[in-house]
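In the numbering used here, the protein residues as written are 267 to 513.
Laid out in structure tokens, this is it:
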């Protein structure tokens, strides 16, 4: 996804090269270019330390609302399957913001530029808006949540969890401080409320909210089947090749 946006941002123009320019000069140059062109600019740095430095500096210059951060740490990623949860949430926020087509300055390291991502349409198609008086069976909603990386628990305590008890369906999205409580009548959502985790008491009624993917890489059943088929084909080719060598 990031790569596609980078390719779109590359124009056939005369390249500019700056030698021995310091951090403050580069910072002002990037900010000036962003304010003049009013289009998304990608700032790619050698490592996470430099990326954080530029993100902080540009945020102070232009305001945090105009700057996006796409942090990656190759050491953490190699040690843990998903890397830092905080980094992952920050990357997901950046990917969602880019889908709005609003101009931003996106700061990342070289590893972030090379990171594997899904296509923009995969993120768009995975988003599900839940509305009051909406007709959706509890089973279908469970499938939607599971496909987006949510876990089923007895009671929700953390973002990314959901629970189902009779006609009450609780969902804790990762983009809100408080979880949502859906009150069902048959297959219709009668009410949507937000509640506090400690007291389990509802304090506000809302009309709708969005269910967003919790992970950067996710696969629908159709995609999984295609991937498994491709793996089987590769395995069969290797198996036949090994058999030929044995002759």
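The beta-carbon is built from N, C-alpha and C at its ideal position, and this holds for glycine as well.
As the structure is a computational prediction, the values presented were derived from the model and not from experiment.
As assigned by DSSP and simplified to three states, the class of residue i
i: residue 404; result: helix
i: residue 476; result: strand
i: residue 494; result: helix
i: residue 438; result: strand
i: residue 304; result: coil
i: residue 347; result: Any reading at residue 347 needs caution, since the residue's pLDDT is 49, under 50, leaving its predicted position unreliable; the model's value is listed next. The answer is coil: DSSP assigns residue 347 none of H, G, I, E or B.
i: residue 325; result: helix
i: residue 410; result: helix
i: residue 499; result: helix
i: residue 482; result: coil
i: residue 470; result: strand
i: residue 319; result: helix
Spatially closest choice to residue i from the options, by CA coordinates
i: residue 476; options: 498, 450, 407; result: 407
i: residue 450; options: 401, 501, 327; result: 401
i: residue 422; options: 288, 460, 494, 336; result: 460
i: residue 366; options: 353, 420, 390; result: 390
i: residue 448; options: 483, 428, 315, 442; result: 428
i: residue 303; options: 351, 315, 413, 368; result: 368
i: residue 453; options: 413, 492, 357, 397; result: 397
i: residue 457; options: 444, 474, 443; result: 474
i: residue 415; options: 481, 498, 467; result: 481
Assigned exposure category for residue i - 16 Cβ within 10 Å defines buried
i: residue 438; result: buried
i: residue 347; result: Model confidence at residue 347 stands at a pLDDT of 49, short of 50, so the residue's coordinates are unreliable; what they give is reported in the following sentence. Result: exposed.
i: residue 465; result: exposed
i: residue 321; result: buried
i: residue 289; result: exposed
i: residue 436; result: buried
i: residue 455; result: buried
Run of the alpha helix (DSSP H) containing residue i, from where it starts to where it stops
i: residue 355; result: 351 to 364
i: residue 377; result: 376 to 380
i: residue 448; result: No alpha helix (DSSP H) holds residue 448; the beta strand (DSSP E) holding it covers 446 to 451.
Beta strand (DSSP E) segment containing residue i, residue limits
i: residue 311; result: 307 to 311
i: residue 460; result: 454 to 461
i: residue 287; result: No beta strand (DSSP E) contains residue 287, which DSSP labels as neither H nor E.
i: residue 427; result: 427 to 431
i: residue 336; result: 333 to 336
i: residue 395; result: 394 to 397
Can we say the region 427 to 444 touches the region 380 to 390, given the rule of at least three CB pairs closer than 8 Å? no
Decide yes or no for the touch test of the region 305 to 318 against the region 356 to 374: beta carbon pairs closer than 8 Å, at least 3 of them. yes
Does the region 288 to 307 come close enough to the region 325 to 334 that 3 or more CB-CB pairs lie under 8 Å? yes
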